[in-house]
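Participant: Starting off with a structure, shown below.
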Amino acid sequence: MDFTYSPDQQLLRKEIVAFAKAKLNAGVIERDRNQVFPRELWKECGTMGLPGLPVPEEYGGSGLDPLSTAMALEALGYGCTDHGFVFSLCAHIMASVVSICRFGNEEQKRRFLPGLSDGTLVGVNGMTEPGTGSDPFAMRARAVKDGSGWRINGTKIFISNAPEAQVVIVFAVTDPATRFHGGVTAFLLERATPGVSVGNKIEKMGLRTSPFSELVFEDVRVPDEAVLGGVGGGAGVFTHSMDWERICLFAAHVGQMERLMERAIDYARTREAGGRKIGKYQAVAHKIADMKVRLEAARLLTYQSASRLEKTRSVSMDAAMTKLFVSESLVQTAADTLQIFGGYGYTVEYEVERALRDAFGAPIYSGTSEVQRNIIASWLGL
Amino acid sequence: MDDIQSTVKAYILEQFLPDANPEELTESTPLIAGGILDSLATVRLVMFLEEHFGIEVQAHEVSADNLDTLERIAKLIRSKKSAGSGGR
């Protein structure tokens, strides 16, 4: 399979990297320290078409295919050192935008996609509940038929972007007897709908510029038109969203790995110890050589998986393998970069410690490494 | 048991019940209620149905109503194929 960039893809990468370096990186140390989400930069990203990368142009998006979307997000991950912000943008695309593109009816697409694409709106997806992280369909949130609509009650936790969101996709049980098998439904609604409230922001180890919180639904009344993907279709909506997330969100991490590797190379070629550049010591050089191997393998796996998105629905194992490999590679690369930087890497100023703190989330969100191995094993008939 | 049911039965036996007696998997054996198809297995089965029979199963159709027995699965596939709108 040939993944050589087309001229359009080359130009897109160049523009996104330049944009990210020029517009998104200033002040990131302070934002991370104070847990500030840069809403104004989200709007700037809208002018670049980033929040709506895979949205068809007729709905105000950039109209990119999945592979080009992955390449664009890799460029963003390479150029932008605010990993929390990149995570927020990716979560917005994977958790809400792609679901509406795939499962929304015409009215839902016209109503929400333009604003979600131009940086006006932030979208979230409410699935996880306390105690159901790796077993999401054990959820307790319920939606009960109420006349010509539904009444939703429940509490969602660890919802990325919730404090900033205007658009919500929430999953709730509509048939407790069947749950995954036709008993969970996705609903698309405005965050301002009466009864929807946002809990306190939750402080995190990393990705501190990406806000997340509880999302509470108390007797939230929505019309039948709020159903996304059909009553009982929640499993399909969620699975599709996860396939995209495990590939395209992690494409951004591939870009981050490349940037970390380049920083490690630069440092190893300039820093001296014992009268030699530290890159001349095998102990350092081999770490960087392994970074290169992980980077190229991660990139190929990501591109191959992205090229299969929307061409076949049998992409779940590809997505699991991509998510597993990229996330664990990112942690290793960030840890090795910090080790190569030594004491300086441990300081906030050099921005390597932040990269490692941010990386540690990757093997957890979007399904833990353990869950990904379970998925892969299942596809192998085990 | 018709051709569709036999094909799906062979897939389920091979993938999810390698040690089972084939005669125990009948057209009315509860696949979901009986714990044979968990969430991951259901996704895999749906992918198989789509690729093998050239149909597309919509999100809201991934349900016990359509998938809990070989009989229901065959009915879903037949309705898709006769409607002629399920192909990609």
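So the protein sequences, as listed, match chains A and B. 102 is the number of the first residue of the first sequence in our numbering; add one for each residue after it. 745 is the number of the first residue of the second sequence in our numbering; add one for each residue after it. All C-beta atoms, glycine included, are put in the ideal place defined by N, C-alpha and C.
1) Would you check if there are 3 or more beta carbon pairs closer than 8 angstroms linking the stretch 340-350 of chain A to the stretch 152-170 of chain A?
2) With DSSP as the reference, please indicate the residues paired to A/Leu329 in a beta bridge.
3) Could you tell me whether any Cβ in chain B is nearer than 9 angstroms to the Cβ of A/Asn475?
4) Give a yes or no on whether the minimum CB-CB distance between A/Thr413 and chain B is below 9 angstroms.
5) Is the shortest distance between the beta-carbon of B/Glu805 and the beta-carbons of chain A less than 9 angstroms?
6) Let me make sure I understand the geometry here. Which of B/Lys825, B/Met745, B/Asp763 has the alpha-carbon closest to that of B/Glu795?
7) Could you give the uninterrupted runs of the alpha helix (DSSP H) lying entirely in the stretch 770-804 of chain B, keeping only those of 4 residues or more?
8) Going by C-alpha distance, which of A/Tyr106, A/Ile117, A/Leu112, A/Asp133 is nearest A/Arg64?
9) Straight-line CA distance for A/Met306 to A/Ile477?
10) Would you call the stretch 322-332 of chain A and the stretch 202-211 of chain A in contact, with 3 or more CB pairs under 8 angstroms?
11) Suppose you measure from the CA of A/Arg364 to the CA of A/Gly444; what does that come to, to the nearest Å?
12) From A/Gly128 to A/Lys122, what does the alpha carbon distance come to, in whole angstroms?
13) Measuring only between beta-carbons, confirm whether B/Ile799 sits less than 9 angstroms from chain A.
14) Among the residues of its own chain, which have a CB less than 6 angstroms from the CB of A/Leu142, if the five just before and after it don't count?
15) Check for me: the alpha helix (DSSP H) holding A/Ala435 runs from which residue to which?
16) Could you give the first and the last residue of the continuous alpha helix (DSSP H) run that contains A/Arg400?
17) Out of A/Phe259, A/Ala398, A/Ala399, A/Pro277, which has the shortest C-alpha to C-alpha gap to A/Ser467?
18) Using a 10 Å radius around the Cβ and a threshold of 16 neighbouring Cβ atoms, would you call A/Gln383 buried or exposed?
19) Counting contacts by CB-CB distance shorter than 9 angstroms, is A/Val129 in contact with chain B?
20) Using the C-alpha atoms, what's the distance from B/Val790 back to B/Ser823?
21) Report the option in A/Asp437, A/Ala399, A/Ala436, A/Ala435 whose CA atom is closest to the CA atom of A/Asp419.
22) Against A/Ser417, what residues of chain B qualify as contacts under a CB-to-CB distance less than 7 angstroms, listed in chain order?
23) Throw me the rounded Cβ distance for the A/Glu315 and A/Thr256 pair, which I believe falls under 8 angstroms.
24) In the DSSP assignment, what are the bridge partners of A/Thr256?
25) Which bits of chain A does B/Gln759 rub up against, with CB to CB less than 8 angstroms?
26) Please confirm whether A/His354 has its beta-carbon closer than 9 angstroms to some beta-carbon of chain B.
27) Could you confirm whether any beta carbon from chain B is found closer than 9 angstroms to the beta carbon of A/His282?
28) Leaving aside the five residues before and after B/Ala808 along the sequence, list all residues of the same chain whose C-beta is less than 8 angstroms from its C-beta, in chain order.
Facilitator: Quick answer:
1) yes
2) A/Ala287
3) yes
4) yes
5) yes
6) B/Lys825
7) 783-797
8) Past the boundaries of the shown model lies residue 64 of chain A; chain A is included only from 102 to 483, so the question cannot be answered.
9) 29 angstroms
10) yes
11) 15 angstroms
12) 12 angstroms
13) no
14) Leu125
15) 417-446
16) 383-409
17) A/Phe259
18) exposed
19) no
20) 15 angstroms
21) A/Ala399
22) Val787
23) 6 angstroms
24) A/Val317
25) Gly482
26) no
27) yes
28) Ile776, Ala777
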